[in-house]
Amino acid sequence: MKSYAVARALLAFTGLAFTSSEAQSPLDVRVALVIGNTAYQHANPLPNAGKDAEGVATALRTLGFKVEHVRDATREDMDAALARTRQALDKRNGLAMLYYAGHGLQVSWRNYMVPVDARVTNAADLPKTTFDVAGVLDTFARTGSRMNIIVLDACRENPFPAAGGSRGLAQMGAPIGTFLAYATQPGALAEDGDDKMPFGPYADSLILELGRPGSRVEDVFKRVRFHVRRKTEGRQVPWDATTLEEDFVFNDGKNTVKLDPTLVARMITDARQREQQLREEAERARQRERELAEAAERAKREAEIAAERARRESEVAAQRKREEEAAQAREREAQLARARADEEARKKRLEMEAAMAIAAARQQQQVQEEQVALAALQNANAQRRREEFFRIEKAKWDQLKDSRDPALLYDYLLAHPSGAISELAQARLEVIQPAKVTPQADQTGLVQPLAAKRFRMGDRYEFVVRDLFTRLQVERPVFTVVRATDEEAEFDQGYRVTQAGAIIRTIGGATLDPYQQWIPAGEYSVGRKWYTRSIMRMPDGTTQWVELNGKVVARETIEVPAGRFDTFKMEMEQLAQDGTRLKITYWGQPDWGVAIRQIREVRDTRGALSGQIYEMAARSRR
């Protein structure tokens, strides 16, 4: 049965993908649990879920992940698969990933994956019949994983309305070191795709972007969001939240396979055909072994009869006959041995051919342009690199910023998902092609539209301003919005902003090109980061660049003279070309464009430090 064992080993080698042994070093442990549930016993089937999971599993294997892939999993199957994943991760400081495609539901702000054998009649059934996503995160945490990526392509209609809960999935917090990705906005529904596509809209886009060389995990999922929004014409807008404290690149570009979704689908089909071919070859090998064994047994019986007859006739003749038969038997054994050796050589040749085919496919699929760009990024000076990128981005932006063609904005965002002008581009996209999703309240009751209108005619703000170091009051300014349109607003001191909160003109009269996105253009969520770069033109005509990096760091309830407010806390740092540094801590609310509290700390070109604390004393809106 040795040839069958060789065939099984070859099957394990080919797997269902082009597995890269070089992509995963002993210090880069990557383990993914991939679940695709299609054939539900007590709910509507999801034809694409199984295909989506298989495609993502294939892509992850190609990128060096150890993949635990289960299809049409019962609750028992999911328990067992999670246990195997835990064992593969345990105390190895690895990267843990979950991709789930299938039915999902939310009840009491908890998200549940639905096994194919689940029968849910009320909320009490959920813990014992479904799979809580929080439980997977807890399991990953207990293994000591350094990073967790949770991808829920499960935002379909609630398959068990009798159990209560809402449609879609619930927004959930991301523990430290975690990236959460939903196929669509919390509370909204994802599209399952159609038979004409190899995969659903989300999986199709994810497979494409996983293989992009050098892309950080956040950029991968930003591009996925833009792809899906574009494909569905705004009916589906993916959502994510992050608390990652380090960057991660799925494909470092050293061993590149371009993961085109059509190619991945073909890889899966070819692998299945190859698997069937190897099974058939193994069966033929077993049949040949049986035939040879039967022939040997018949020959042995014939030899014994001949030997007995020869012994009776003559001792000498019998001895001669036995020697002849022994020689024949040895020859037959030699033939059998040669046949086995030939079979072993054939199997090894097939293994070599498969390995060579994989290597050739990888080489053919390398993206030369992106490799050249990546090499340039690694070798160029960091500041010169940023300036060159900004020059390219701004030139593109200047050409399309006034356009009303969403295709141009999608192309721009896919090329620059985290660029210096990406926040402005996303805000512009919301103006000319609003998303067709209905925002849902989070656990605190807050509803955030994708495009907030943060300034309205007559909005009035009054502040108490204190010196950062003496804490003495230095002024009590009042700001009023005197003009507001669907896209812009202007205050009485000349301060001009976009409705998304980008600064067009400062109180001092300086203008910014592109506009400086002072706060996130869309939703506020803990972990969200943004970056902007602008050219600031002072009233005297002098110019310099200014860069701003920001991050939403927490939800906090604060007390100021105007009262008690539930806020998002942000930390920003601005660097100007002349060396001036501004550090800002900002507490705000998504539907108001002015801070409730703001701490500003300035270090000028001489190193002198100054600062102010702004606290809201009153605000009103008509």
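All the letters of the sequence shown, read from the start, carry residue numbers -23 to -1, 1 to 599 under mature numbering (1 follows the signal peptide of the UniProt record, and there is no 0). Glycine residues also receive a C-beta, built at the ideal position from the N, C-alpha and C atoms.
- Taking the Cα of W522 as reference, the smallest distance to any Cα among V474, F456, R361 and I184 is reached at R361.
- The three-state secondary structure of L525, taken from DSSP, is strand.
- Relative to the Cα of D444, the nearest Cα in the group Y591, R596 and D463 belongs to Y591.
- Under DSSP, the beta-bridge partners assigned to V44 are A9.
- Look at Y89 here: in three-state DSSP terms it is strand.
- Collapsing the DSSP output to three states places A594 in a strand.
- Contact check between the region 495 to 502 and the region 448 to 464: fewer than three CB pairs, one atom from each, fall below 8 angstroms, which does not count as touching.
- Sequence-distant partners of G478 (beyond 5 residues in either direction) whose C-beta falls short of 6 angstroms from its own C-beta, in its chain, are R431, W495, I496 and G570.
- Collapsing the DSSP output to three states places G540 in a strand.
- T15 and G27 have their C-alpha atoms spaced approximately 5 angstroms apart.
- When secondary structure is reduced to three states using DSSP, K277 falls in the helix class.
- For E465, the uninterrupted beta strand (DSSP E) segment begins and ends at E465 to F468.
- DSSP, reduced to helix, strand and coil, places Q64 within a helical segment of the structure shown.
- At least 8 angstroms separates the beta-carbon of A461 from that of D568.
- Cβ contact annotation for L586 (same chain, cutoff 6 angstroms, sequence separation greater than five): R580, in chain order.
- Here S291 is exposed, its C-beta having fewer than 16 other C-beta atoms within 10 Å.
- Listed in chain order, the non-local C-beta contacts of V530 below 6 angstroms within the same chain comprise K546 and E548, local neighbours out to five positions each way being set aside.
- In chain order, E302 place their CB closer than 6 angstroms to the CB of A280, counting only its own chain and leaving out the 5 sequence neighbours on each side.
- E536 has its alpha-carbon roughly 26 angstroms from the corresponding atom of F468.
- Taking a 10 Å sphere around the C-beta of S399, we find 16 or more other C-beta atoms and assign the residue as buried.
- Per DSSP, the unbroken beta strand (DSSP E) holding L72 starts and ends at L72 to A78.
- Distances from the alpha-carbon of R405 to those of D382, Y159 and S182 put D382 closest.
- In the DSSP assignment, R510 falls within the unbroken beta strand (DSSP E) covering K506 to R514.
- A straight-line Cα-Cα distance of about 20 angstroms links A131 and T98.
- Residue burial annotation: T421 is exposed, with fewer than 16 other C-beta atoms found within 10 angstroms of its C-beta.
- When C-alpha distances from Q589 are compared across S597, A595 and R574, the shortest belongs to R574.
- Between V424 and P416, the C-beta spacing is below 8 angstroms.
- Between the region 45 to 57 and the region 183 to 192, the count of Cβ pairs shorter than 8 angstroms is below three; the stretches do not touch.
- When the beta-carbon positions are compared, A594 and V441 come within less than 8 angstroms of each other.
- Between the beta-carbon of A60 and that of K43 there is about 15 angstroms, and that puts the pair past the 8 angstroms contact cut.
- Contact between the region 31 to 41 and the region 103 to 117 is absent: fewer than three C-beta pairs spanning the two stretches fall below 8 angstroms.
- The distance from the Cβ of G71 to that of R119 is about 13 angstroms, inconsistent with a contact at the 8 angstroms cut-off.
- W569 carries a coil assignment under DSSP once its states are collapsed to helix, strand and coil.
- Exclusion of the five residues before and after E465 leaves T475 as the residues of its chain whose Cβ lies within less than 6 angstroms of its Cβ.
- Assignment of F446 by DSSP, reduced to helix, strand and coil, places it in the coil class.
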